[in-house]
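Numbering (the working numbering), first residue to last: 239 to 728.
Even for Gly, the Cβ is constructed at its ideal location relative to N, Cα and C.
What you are looking at is a predicted structure, and each value in this text was computed from that prediction instead of being measured.
Comments concern the structure below.
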Amino acid sequence: MKHTEALLKAEKFQQKMEKIAQNDYWRPQYHIAAPANWINDPNGFCFYKGEYHLFYQYHPYSSQWGPMHWGHVASKDLADWEHRPIALAPTDEYDKDGCFSGSAIEKDGNLYLLYTGHVDLDNSNGGNDRIETQCLAVSHDGLCFDKVENNPVIKSLPENLNIKTEHFRDPKVWKHGDWYYTVVGVQTKEKSGQVVVYKSQDLINWEFLNIMATSSVKENLGFMWECPNFAEVNGHEALILSPQGVKPEGNKFLNLHQSGYFLGKMDYQTGIFHRDSKFDLLDYGFDFYAPQIMQDEKNNRCLMIAWLDMWESNMPEQENHWAGMMSIPRVLEVKDNMIYSKPIEELSKLYKLKIHHEQVIDDVISFDDVNGDCYKLDIDFDLKNAQGFALKLRVSATEETVISYDKDTKKFKLNRDKSGCGVNGEREVYIEPVGEKMNLQIFSDRSSLEIFINDGQHVLSSRIYPSKEAKGIVFIPNGNIKTNVDFYEI
Ligand code: FRU
């Protein structure tokens, strides 16, 4: 089938399903999700012709993962997003089993998408043989995308290096000087994660530069580094990765796969990124994967959006003909040798201050006017005379999602044991209080929570599936806590 025909067919099918999916209570009210059916990674996050664009891995035909298309949304302000026609469909020999993840860049007024063409080989013997190559599509208007004739533009990997060739995906392109560079995720022959870098002057002809960063099996950094990003973050450089298969270390790395970063320095002569920090997570919650960054040159900042889900997790919304959503856009900032992620300020146009409370709490309390399912809750806790606190969100007679902090253990916890349908468990992160104070910014949507601690020093993001009755918010102090509560309705 021709590309345009395949796109129209998918679009029609999606419209049919949309009506059913939209009726689901769990549909996000202010996060990006597809009109219907399955999504995963954010792709092609960019600014083009006056608008921010975001694409995503999309299976328009069912709420399960399947042959990947690229869905598309655009926004003038990163707060209100509009759906655009599906951008890519897997119709060609080199991408017939999926247009996998990739990125976008403007060149000479056109918008280019660099993505992975995925082809499954005969796997009737139970194997997992595949060919992955890097492919290019171009648009003159940011709406219709044509695959270029020269595809695949990156066909192969050098054979004489320690690189396994069948996992070769998720190109993230950027410009430095006169050259375009792309980092691509691969594996070592011993099956540990690494990334390679190519360079080009025209986006069509690419030259292998080097193995940009690698890991050994001894390091517990996973067997494959998916969705690599090179990021410039307020004067620092970072390599952002989504390693598959990192093993739990105590209560860290409990998710099936992780997303995190190394700080370091890119040497453009050799093509080597020199790591100079430990791998740290970008988010400590249950559901955060495959983040993609964009350098927002207009505002001189580095933005990030991630898939707010995790592979192989329960997704009860699948029964209602959709699956998956994106995180809110976040701004990255390096402070004290760590990446902070903060909610972008533009979101403030979506919310209105409903109530402000300033109060010392020394007993369990819930405020009549502080409850709901779509909100931003901004709380300052002064813990000088307290041991810690618990805060229950999305509370009904039988449901609650509990966050808590204890000064002795310094553990900040998120517990989903009673968060509704199909989810459970606990995640935690160590927090050093700033003085005796702690700030939380909590973004709640119908089936998600994103909790930013101390101005984005740490974040915990998770899907939850409470009933629509679960709207209570309960404060449980352990001691006397001076609190400042701003409750915004969204
Ligand atoms: C990451 C990932 C990518 C791949 C895509 C396929 O979540 O596995 O490596 O390109 O999803 O949908």
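Integer Cβ distance of residue i from residue j, believed to fall under 8 Å
| i | j | result |
| --- | --- | --- |
| Phe293 | Gly304 | That pair is no contact at about 17 Å. |
| Lys456 | Thr426 | Actually they are not in contact, since the Cβ atoms of Lys456 and Thr426 sit about 12 Å apart, beyond 8 Å. |
| Ser699 | Leu546 | 6 Å |
| Ile711 | Leu631 | 6 Å |
| Leu399 | Ile449 | 6 Å |
| Gln252 | Pro298 | 5 Å |
| Phe406 | Glu428 | The Cβ separation is near 17 Å, so there is no contact. |
| Gly523 | Arg513 | Rounded, the Cβ-Cβ distance is 25 Å, inconsistent with contact. |
| Asp620 | Ile691 | The Cβ separation is near 15 Å, so there is no contact. |
| Val434 | Trp463 | About 10 Å separates the two Cβ atoms, so there is no contact after all. |
| Ile531 | Ala628 | That belief does not hold up - the Cβ atoms of Ile531 and Ala628 are roughly 34 Å apart, past 8 Å. |
| Val661 | Ile702 | 6 Å |
Helix, strand or coil at residue i according to DSSP, with G and I counted as helix
| i | result |
| --- | --- |
| Glu387 | coil |
| Val697 | strand |
| Lys536 | helix |
| Leu459 | coil |
| Leu585 | helix |
| Asn278 | strand |
| Gln507 | coil |
| Leu554 | Position check: residue 554 holds Pro in this sequence, whereas Leu was assumed. Note: Pro554 maps to helix in three-state DSSP. |
| Gly502 | strand |
| Ser440 | The identity of residue 440 in the sequence shown is Asp, whereas the question assumes Ser. In this structure, Asp440 counts as coil in the three-state DSSP scheme. |
| Ala375 | strand |
| Glu433 | Correcting the residue type first, residue 433 is Val in the shown sequence and not Glu. In the structure shown, Val433 sits in a strand (DSSP, three-state: E or B). |
| Tyr296 | strand |
| Thr636 | coil |
| Ala272 | coil |
| Asn348 | strand |
| Val572 | strand |
| Gly355 | strand |
| Ser565 | coil |
| Lys649 | strand |
| Glu179 | With the chain covering only 239 through 728, there is no way to say anything about residue 179. |
| Met548 | coil |
| Lys516 | coil |
| Val672 | strand |
| His338 | Looking at the sequence provided, one finds Phe at residue 338 rather than His. In the structure shown, Phe338 sits in a strand (DSSP, three-state: E or B). |
| Cys382 | coil |
| Val471 | strand |
| Tyr290 | strand |
| Ala528 | strand |
| Glu464 | strand |
Range covered by the beta strand (DSSP E) that runs through residue i
| i | result |
| --- | --- |
| Glu487 | Careful: Glu487 lies outside any beta strand (DSSP E) and carries neither H nor E. |
| Thr242 | Careful: Thr242 lies outside any beta strand (DSSP E), inside the alpha helix (DSSP H) at 241-260. |
| Asp620 | 613-633 |
| Asp447 | The sequence shown places Leu at residue 447, not Asp. From DSSP, the beta strand (DSSP E) with Leu447 extends over 444-452. |
| Met676 | 675-683 |
| Val409 | The residue you asked about is not Val; residue 409 is Pro in the sequence shown. Per DSSP, Pro409 belongs to the beta strand (DSSP E) from 402-414. |
| Val712 | 710-727 |
| Leu326 | 320-326 |
| Phe690 | 686-691 |
| Glu331 | Taken as a continuous stretch (DSSP letters only), Glu331 belongs to no beta strand (DSSP E), as it is neither H nor E. |
| Ser480 | 474-482 |
| Gln313 | Inspection of the sequence shows that residue 313 is occupied by Ser rather than by Gln. Run containing Ser313: 307-313, per the beta strand (DSSP E) assignment. |
| Tyr668 | 664-668 |
| Tyr419 | 417-425 |
| His595 | 590-599 |
Within 8 Å, do at least three Cβ pairs link the stretch 608-625 to the stretch 579-597? yes
Touch test, the stretch 574-584 against the stretch 503-513, Cβ-Cβ under 8 Å, three pairs minimum: no
Inspect the CB distances between the stretch 259-269 and the stretch 561-571 and report whether three or more fall short of 8 Å. yes
Please confirm if the stretch 325-336 is in contact with the stretch 244-263, defined as three or more CB-CB distances below 8 Å between the two stretches. Yes, the stretch 325-336 is in contact with the stretch 244-263.
Check whether the stretch 380-393 touches the stretch 306-324, counting contact only when three or more Cβ pairs, one atom from each stretch, lie closer than 8 Å. yes
At least three beta-carbon pairs within less than 8 Å, the stretch 670-685 to the stretch 496-503: no
Three or more C-beta pairs closer than 8 Å, one from the stretch 627-645 and one from the stretch 579-591: is that the case here? no
State whether the stretch 470-488 contacts the stretch 530-544, with contact taken as three or more CB pairs (one from each stretch) at a distance under 8 Å. yes
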